[in-house]
Amino acid sequence: MKRIKNKNIQALFYLLPSLLIISVFQIYPIIKSFLMGFYTKFDYLSGNVEKMGLDNFAFVLKDPEFLLALKNTFVFAIFSVPLGIIFALVFALILDSNIKFKKFFRSVYFLPFVTSTTAIAIMWKWMLNKDYGLINALLAVLGMPKIAWLTDPNMTIPMLIVLSIWKGLGYKIIIILAGLQNVDKRYISAGKIDGANNIKRIFNITIPIIRPVLIFLFITSLIGSFKLFDEIYIMYQQKPGPLRSGLTIVYYIFDKFYRHWEFATAAAAAFILFIIILAVTLIQFLIIKAMDRD
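According to the UniProt record's numbering, the sequence shown is numbered sequentially starting from 1.
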């Protein structure tokens with residue numbers, strides 16, 4: 001027992017520097033921002049809090065801009081997450097088959113994921129430019145009219161969805177490929193013997209086996225979709241898109257905190273975002289448990 005206690009104490013001392021850094025720069029700011037959401041009257045300079053309440057949360061939930069940000073974020077998440085996983089699954093199945101240059105294609109698909117978001121957003125901004133962008137140049141060759149990709153409010157969310165799918169494709173492919181390695185080839189052979197074609201084998205054998213991997217990707221991708229910000233900030237010149245069509249919850253928090261200095265409002269919005277992500281995650285786990293019981 002003494003030896004175990006000594007080892008625990010020794011391990012604690014080894015972890016202490018990291019725990020202090022995490023506590024100071026992560027745990028304390030989280031707690032502070034949560035409490036700040038309740039500040040209704042306080043001095044920013046001295047830190048004196050004169051009044052606390054739920055006024056900031058009530059304001060955020062009634063704010064038309066926050067409701068627009070909530071709508072845009074949910075629309076983006078609903079389309080980008082399942083489409084991203086479907087495309088990744090299709091490409092992963094292709095790469096898992098006997099094709100030439102398999103390693104080359106894996107590297108190509110993974111490259112956008114490890115590339116800086118800033119660099120990707122700048123590249124897409126250039127490609128989608130109405131006057132000299134590559135996409136409109138290709139459309140002109142085909143005899144089609146130019147499209148205002150970056151100035152049309154109706155194109156903002158679709159463009160962000162396409163960008164998100166393309167950027168995260170490589171990571172999802174690698175994860176799914178790792179899951180495909182656990183598919184016993186004997187099951188595939190048994191399916192062939194029973195007369196099942198490729199589509200039936202994928203839906204009845206492959207997907208049920210790699211379902212934990214797909215669930216993991218779905219949960220992490222959904223959480224990530226609620227934190228959309230960088231692409232909008234860079235592609236639309238530090239603005240939330242034309243007519244605020246690209247306003248998301250994280251951009252709303254950034255706008256309130258850094259531009260309007262409404263720290264308490266931003267803290268309340270951040271806590272609401274945390275509650276939304278937590279609720280969505282818990283709902284997913286409940287659905288998964290219900291599916292496992294069936």
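For every residue, glycine included, the Cβ atom is placed at its ideal position computed from N, Cα and C. If you're wondering where the values come from, they're calculated on a predicted model, not measured in any experiment.
Can you grab the Cα-Cα spacing for the pair residue i / residue j, in whole Å?
| i | j | result |
| --- | --- | --- |
| I199 | S97 | 14 Å |
| T118 | G84 | 20 Å |
| residue 331 | F226 | There is no way to answer for residue 331, as the model of the chain reaches only from 1 to 294. |
| E50 | L67 | 29 Å |
| G168 | L217 | 11 Å |
| K71 | S164 | 17 Å |
| L214 | I176 | 7 Å |
| I209 | T73 | 31 Å |
| P145 | M155 | 15 Å |
| A279 | T40 | 26 Å |
| I173 | F38 | 43 Å |
| Y14 | L20 | 11 Å |
| K32 | G179 | 40 Å |
| D152 | G241 | 9 Å |
| F113 | I122 | 15 Å |
| D230 | G195 | 49 Å |
| I205 | N197 | 11 Å |
| I120 | N8 | 46 Å |
| V24 | N48 | 21 Å |
| L202 | I86 | Residue identity check: residue 202 is Ile in the sequence provided, not Leu. So the two alpha carbons sit approximately 13 Å from each other. |
| F34 | P158 | 33 Å |
| R211 | G224 | 20 Å |
| L282 | D43 | 37 Å |
| R259 | E65 | 15 Å |
According to DSSP, is residue i part of a helix, a strand, or is it coil?
| i | result |
| --- | --- |
| K192 | helix |
| Y187 | helix |
| S97 | coil |
| N198 | helix |
| M123 | helix |
| residue 347 | Outside the displayed span of the chain (1 to 294) sits residue 347, for which this structure offers no information. |
| T156 | helix |
| S116 | coil |
| L142 | coil |
| L163 | helix |
| N204 | helix |
| K130 | coil |
| N182 | coil |
Out of the options, point me to the one whose CA is closest to residue i's CA.
| i | options | result |
| --- | --- | --- |
| Q237 | A267, F203, F110 and W124 | W124 |
| I288 | F79, P240 and I219 | I219 |
| M36 | I283, M291, A290 and F257 | F257 |
| F285 | R244, R201 and L222 | L222 |
| W166 | G241, A88 and I157 | A88 |
| I30 | F271, L282 and I275 | F271 |
| V183 | G195, I207, G170 and V162 | I207 |
| G170 | P212, F91 and I275 | F91 |
| A268 | D131, I253 and L282 | I253 |
| S116 | I234, G246, Q181 and R244 | I234 |
| G246 | F76, L12 and F59 | F76 |
| residue 320 | L95, L160 and I276 | The structure shown does not extend to residue 320, since the chain is modelled only from 1 to 294, so the question has no answer here. |
| L128 | D255, I147 and R186 | I147 |
| L273 | A290, T248 and R259 | T248 |
| L228 | V141, A11, A69 and Q26 | A69 |
| L243 | M291, Q181 and L150 | L150 |
| V60 | M291, Q10 and D255 | D255 |
Following a CB-centred definition, is residue i positioned closer than 6 Å to any heavy atom of the ligand MG?
| i | result |
| --- | --- |
| P153 | Summarising the ligand content, the structure contains no ligands, and the ligand MG is consequently not present. |
Quick one: complete alpha helix (DSSP H) runs, 4+ long, within the region 208–292? For the region 208–292, whole alpha helix (DSSP H) runs of length 4 or above, ordered along the chain, are 211–225, 230–235 and 249–254.
Inside the region 10–82 only - alpha helix (DSSP H) runs reaching at least 4 residues: The region 10–82 contains, as complete alpha helix (DSSP H) runs of 4+ residues, the segments 28–36 and 55–62 (chain order).
Evaluate contact between the region 135–150 and the region 179–194, counting only Cβ atoms and requiring at least three cross-stretch pairs below 8 Å. Per the Cβ contact rule, the region 135–150 is not in contact with the region 179–194 (fewer than 3 Cβ pairs under 8 Å).
Flag this pair as touching only if the region 258–271 and the region 54–62 have three or more C-beta atom pairs under 8 Å; answer yes or no. The answer is yes - the region 54–62 touches the region 258–271, with three or more Cβ pairs under 8 Å.
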